[in-house]
Amino acid sequence: MDEDGYIFFVSRESDMIKSSGYRIGPAEVEDALKKHPAVANAGVIGSPDPLKGEITKAYVILKQGHSASEELAQEIVESCKEYIAIYKLPRAVSFCDQLPVTPTGKLLRRILKEWDKEDKYPTIRIS
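Residues in the sequence shown are numbered consecutively from 1, following our numbering.
What follows is the structure in structure tokens.
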């Protein structure tokens, strides 16, 4: 709440991705990813990176009829340039068949972070 009584909610502090000095809200990146016709759903986290602190990593569920590939990952990220700033683009993509959610459907980012540490799904680096 500011001095005038207005309340602002941007994102949970723990969900914010800190990359090269930028603060990136994962929901904005997820919304951009979901605009691609091959994407059914997506979850985004900050993945540790020795140079940038964190990079934006996307876990993507594809719609039926689409197959995971490096080319498709590049295409999906490229399509996001229309909606978000370049520094917010995912630098890594993992295709998965489901995302971890609560019983009410809220994305469990802490599980995505565990998946990232365990390398549960192959990661495609985006340059």
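We put the beta carbon where it would ideally sit given N, CA and C, even for glycine.
Have a look at residue i and residue j and give me their C-alpha separation to the nearest angstrom.
i: Gly43; j: Pro37; result: 16 Å
i: Asp31; j: Asp4; result: 31 Å
Let's see if you can read the secondary structure: which residues bound the beta strand (DSSP E) around residue i?
i: Val93; result: 92-95
Exposed or buried, what is residue i when buried is set at 16 or more other beta-carbons lying within 10 Å of its beta-carbon?
i: Ser14; result: exposed
i: Leu99; result: buried
i: Asp116; result: buried
i: Ser20; result: exposed
Specify, as a first and last residue, the run of the alpha helix (DSSP H) that residue i falls within.
i: Lys113; result: 109-118
i: Ala73; result: 70-80
Any 3 or more C-beta pairs closer than 8 Å across the region 62-71 and the region 45-54: Contact between the region 62-71 and the region 45-54 is absent, because fewer than three Cβ pairs lie under 8 Å.
Ignoring anything shorter than 4 residues or poking outside the region 18-68, list the alpha helix (DSSP H) runs there in chain order. Counting only runs of 4 or more, we get 26-34.
Could you say if the region 102-116 and the region 71-84 meet the contact criterion of at least three C-beta pairs nearer than 8 Å? These segments do not touch.
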